[in-house]
Amino acid sequence: MNFLIANKLWLIVIGGLMGVMLGLGAEIYSLKGGIKDAKAELKETQNELALKEAIGAVVKANLEACNAKIELQNAKFKELEIKKPDVKKIQEKARRKFDGIKPLVTQSCEEKLERCERIFDELAR
11 MNFLIANKLW
21 LIVIGGLMGV
31 MLGLGAEIYS
41 LKGGIKDAKA
51 ELKETQNELA
61 LKEAIGAVVK
71 ANLEACNAKI
81 ELQNAKFKEL
91 EIKKPDVKKI
101 QEKARRKFDG
111 IKPLVTQSCE
121 EKLERCERIF
131 DELAR
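Our numbering puts the first residue of the sequence shown at 11, with every later residue one more than the last.
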């Protein structure tokens, strides 16, 4: 018993160190569990990110395909577009066709017949 009393201070120091070591061991154990959880969460998040990137790539490819189809359709619409006629050319053509037409009152029967034939020939063109 004399040994315990003489070394009381050392026993207290050793007991305190053992308590600190036990506390640090418990802390290390809990941190290891936290690291495992964090790693699992990181892996899950990486999988979700990869999935979202794949979905994004598919959506982008679909969008590009749709844009290509729209451009093709617009090109076909432009081909089908009705061009405005050149009004001046049409007026000149009509003027040339009908310049030779004279009033019927002063014409003889043969002139009227000739005139009608010429009109029908012009209209047939």
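By construction, the Cβ of each residue, glycine as well, lies at the ideal position given by its N, Cα and C atoms.
Opening and closing residue of the alpha helix (DSSP H) in which residue i lies
{"i": "glutamate 132", "result": "119-134"}
{"i": "aspartate 96", "result": "Careful: aspartate 96 lies outside any alpha helix (DSSP H) and carries neither H nor E."}
Beta carbon proximity, residue i to chain D, threshold 9 Å
{"i": "aspartate 47", "result": "Among the protein chains of the structure shown there is no chain D, as only one such chain exists."}
Alpha-carbon to alpha-carbon, residue j and residue i
{"i": "glutamate 54", "j": "serine 40", "result": "21 Å"}
{"i": "leucine 61", "j": "glutamate 74", "result": "20 Å"}
{"i": "cysteine 119", "j": "isoleucine 129", "result": "15 Å"}
{"i": "lysine 49", "j": "asparagine 57", "result": "12 Å"}
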